[in-house]
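For the sequence shown, my numbering gives the first residue as 20, with consecutive numbering after it.
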Amino acid sequence: MSIKHEVSSTTKVYTPEDVAKHSTENDCWVIFRDMVLDLTPWIERHPGGKLPILRLAGIDATDEIVAIHGDRVVDMMIPKFVIGKVSGQIIPPHVQEFRELMQEIVHDPKWMDTDVNYYIKKIPIILSFFILSAILYLGFESVLIHCLAGVFLGLFWQQCLLIGHDAGHAGITHNTDKDLMIGWLVGTFLNGFSIAWWKKNHNAHHIATNSIEHDPDIQHLPFIAISEKFLNNVYSTYYERCLKFDKLSSFLITIQHITFFPTFALARVFVHVQGILCLLNFNENIPKRWIELFGFFLYFVWYFSFVFIIGGYFGRTGLSQGLFMLVSHLTVGIIHLQISLNHFASPTHSDGDELGPRGGKDFLSAQLYGTCDIYSPTYLDWFHGGLQFQVEHHLCPRMPRHNLRKFIPYIQKLAKKHDLPHITRTFFDAVSQVQDTLGKVAVTAEKMKKTVKISQFFTAELSWILFFCLSVFLKKKSSTKSDEK
């Protein structure tokens with residue numbers, strides 16, 4: 020990190036304990052290397068949303084800042100917020116070694132320079148999925164072939180979203196504006212995904228990985244709960260509301276290990292809704308809001324025109340149209356499965372654990388404990404799109420995906436040296452682990468439901484008994500008064 024700002028010898032000195040006292044939205048300090056920053060005036064203007072900053076308030080945010088931002092951003096922005104330097108900070112050996120590794124990585128063109136040709140070569144492959152989908156849907160009469168057409172459309176969407184993921188991290192050109200435009204094309208126009216919503220959601224996920232209260236990527240009530248802690252009405256700082264474990268949640272969570280896969284067919288619909296709601300929230304600072312809204316409009320125009328108007332012209336009936344849409348949504352749901360496999364079976368942490376931010380761990384340890392890699396042969400790298408190397412991606416989000424596989428041995432060596440986990444599962448092993456996790460929470464939810472029913476039963480019975488006793492008592496009292504008369 021080539022930050023040009025030098026901390027003056029006359030600058031005020033703070034201890035980590037001093038910084039920890041400033042951890043609110045109205046008073047937010049963080050540590051960056053040997054500097055203390057006051058980010059309070061920047062919170063509302065931060066392009067990645069305020070939650071990532073608040074999650075790091077009062078602690079050492081060096082590794083997150085290095086991971087998420089490039090040199091240009093750091094050199095330009097950090098000096099504006101320096102209020103002093105930190106003294107007495109103890110940096111664990113594995114953290115120091117990781118920082119030295121990252122300094123070497125982020126300044127080495129071999130690791131960080133993007134390869135635009137890598138993406139140009141993908142364009143004909145991705146377009147072929149859409150062309151095949153159109154040919155099969157419009158050129159054949161078989162309903163089964165129309166379902167196959169849905170598979171190819173789903174793969175087209177999935178591959179576009181993988182490029183959108185890279186663009187969201189400025190990992191294609193390393194130019195934020197250019198990558199944003201690529202994101203609008205493959206994300207908003209071709210997929211109906213809001214890049215602004217994705218950045219807000221994804222930044223929170225990267226900073227607060229597997230946090231019960233802060234990570235939106237594991238907050239899926241009423242459909243899914245990956246921890247029993249979600250059965251106790253959790254407050255989400257991302258959604259700014261309580262995620263209630265109500266009757267609907269109680270029912271759906273008890274069968275979540277069965278409905279897990281079908282749920283991903285609906286995930287795309289919910290992402291459409293979340294994106295539109297985000298863009299229509301005018302209290303949020305969203306750059307180029309109207310461009311994204313127009314992109315959404317164009318997406319729904321071309322998609323529904325293709326399915327119904329053009330499809331109808333070629334004689335597609337309601338059954339073919341419905342199955343085509345259903346299968347395409349089921350297929351693109353694979354990307355939501357890919358994302359969940361890396362985290363759903365990993366340990367979660369909660370503010371209630373009293374361990375502090377990151378579950379009491381440093382950035383490196385938090386990512387290694389809350390994330391796993393998915394083993395895949397090189398010939399399937401196109402399908403996973405870098406998501407299979409989730410540990411490495413979380414530690415260096417701006418690294419181009421085609422370099423992530425080469426980064427694995429470095430992280431494995433570091434983890435092994437310091438007795439930290441680096442978990443790699445096969446695809447089907449990860450699915451099994453997630454199913455097991457969901458099944459355990461489902462059993463607990465079922466027990467809670469039965470306990471509530473039993474409690475309600477005895478409460479009702481007790482109420483009737485008390486009512487009966489009171490009635491008898493009042494009746495006897497009334498008859499006694501009558502006898503006295």
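Cβ coordinates follow ideal geometry from the N, Cα and C atoms, glycine included. Note that the structure is a prediction, hence the values are computed from the model and not measured.
Residue i versus residue j - alpha carbon distance
i      : j      : result
Leu250 : Ile354 : 26 Å
Ser324 : Gly330 : 8 Å
Phe363 : Lys31  : 44 Å
Gly173 : Ile182 : 14 Å
Thr207 : Pro112 : 43 Å
Glu116 : Lys432 : 11 Å
Pro383 : His221 : In the sequence as presented, Pro is not what sits at residue 383; that position holds Leu. Taking the straight line from one Cα to the other gives about 18 Å.
Ile245 : Val326 : 36 Å
His276 : Leu180 : 26 Å
Val460 : Asp127 : 45 Å
Ser365 : Leu75  : 22 Å
Thr397 : Lys129 : 20 Å
Asp125 : Tyr318 : Note on residue identity: the sequence assigns Val, not Asp, to residue 125. In a straight line, the C-alpha of Val125 is about 36 Å away from that of Tyr318.
Ile427 : Arg287 : 31 Å
Gln452 : Ile201 : 35 Å
Gln407 : Asn361 : 8 Å
Val320 : Phe313 : 11 Å
Pro419 : Glu119 : 20 Å
Glu123 : Asp90  : 13 Å
Lys467 : Phe264 : According to the sequence shown, residue 467 is Met rather than Lys. Taking the straight line joining both Cα atoms gives about 11 Å.
Tyr322 : Tyr156 : 13 Å
Leu285 : Lys40  : 43 Å
Lys141 : Tyr254 : 42 Å
Thr195 : Met95  : 15 Å
Ile295 : Tyr33  : 44 Å
CA nearest to the CA of residue i, picked from the options
i      : options                           : result
Gly158 : Tyr398, Leu406 and Phe333         : Phe333
Lys266 : Phe242, Ser246, Arg260 and Lys248 : Phe242
Leu424 : Asp400, His184, Ile295 and Lys459 : A small fix is needed here, since residue 424 is Arg in this sequence, not Leu. Selected option, being the one with the closest Cα: Asp400.
Leu349 : Ile272, Phe175 and Ala434         : Phe175
Phe447 : Gln177, Ser359, Leu180 and Phe301 : Ser359
Leu345 : Trp217, Leu383 and Pro281         : Pro281
Gly341 : Leu155, Pro60, His165 and Tyr318  : His165
Leu356 : Tyr322, Phe402, Ser369 and Phe316 : Phe402
Gln177 : Trp217, Thr336, Pro440 and Leu209 : Leu209
Asp455 : Val290, Ile274 and Val92          : Ile274
Arg308 : Ala385, Glu160 and Pro66          : Pro66
Ala80  : Ser42, Pro60 and Met95            : Ser42
Glu83  : Arg52, Pro60, Ile150 and Ser347   : Arg52
Phe343 : Ile154, Glu259, Asn252 and Phe289 : Ile154
6 Å CB neighbourhood of residue i in its chain, flanking five on each side removed
i      : result
Asp57  : Trp48, Phe100 and Ile102
Pro35  : Gln108
Ser369 : Ile231 and Lys248
Arg335 : none
Cβ neighbours of residue i in the same chain (closer than 8 Å, five flanking residues each side left out)
i      : result
Thr445 : Ile393 and Tyr394
Val38  : Trp48, Val49, Ile50, Val55, Gly77, Ile78 and Val105
Leu338 : Val162
Arg64  : Asn304
Tyr214 : Checking the displayed sequence, the identity of residue 214 turns out to be Ile instead of Tyr. Around Ile214: Gly183, Ala186, Gly187, Leu199, Gly202, Trp203, Gly206, Thr207 and Glu311.
Phe148 : Phe171, Leu172, Leu174, Phe175 and Gln178
Ile328 : none
Lys218 : Pro66, Gly67, Gly68 and Gly187
CB contact flag (residue i, residue j, <8 Å)
i      : j      : result
Pro306 : Ile87  : no
Thr367 : Ile226 : no
Ala193 : Gly404 : For the record, residue 193 in the displayed sequence is His; it is not Ala. No, these two residues do not count as a Cβ contact at 8 Å.
Asn136 : Gly389 : no
His437 : Asp134 : no
Val85  : Met121 : yes
Phe315 : Gly211 : yes
Ile430 : Val410 : yes
Leu240 : Leu204 : no
Val93  : Asp381 : no
Pro440 : Ala434 : yes
Chain-order list of residues whose beta-carbon lies under 7 Å from that of residue i (same chain, five-residue window excluded)
i      : result
Ala223 : Gly68, Leu70, Pro71, His233, Asp234, Pro235 and Tyr257
Ser152 : Ala168, Phe171, Leu172 and Phe175
Thr443 : Cys391, Asp392 and Tyr394
Asp198 : Ala186, Ala189, Ile191 and Thr192
Ile145 : Phe175, Gln178 and Cys179
Gln386 : Thr228, Val410, His413 and Leu414
His291 : Gly211
Tyr138 : Ile182 and Ile191
Val351 : Gly173, Trp176, Gln177 and Arg287
His24  : Because the pLDDT of His24 is 49, which lies under 50, any placement of that residue in the model is unreliable, and the question is left without a value.
Gln293 : Trp216
Closer than 8 Å to chain B by CB, residue i
i     : result
Leu73 : Absent from the structure is chain B; it holds one protein chain and no more.
How about the stretch 268-284 and the stretch 293-311: do they share at least three Cβ pairs that are nearer than 8 Å? no
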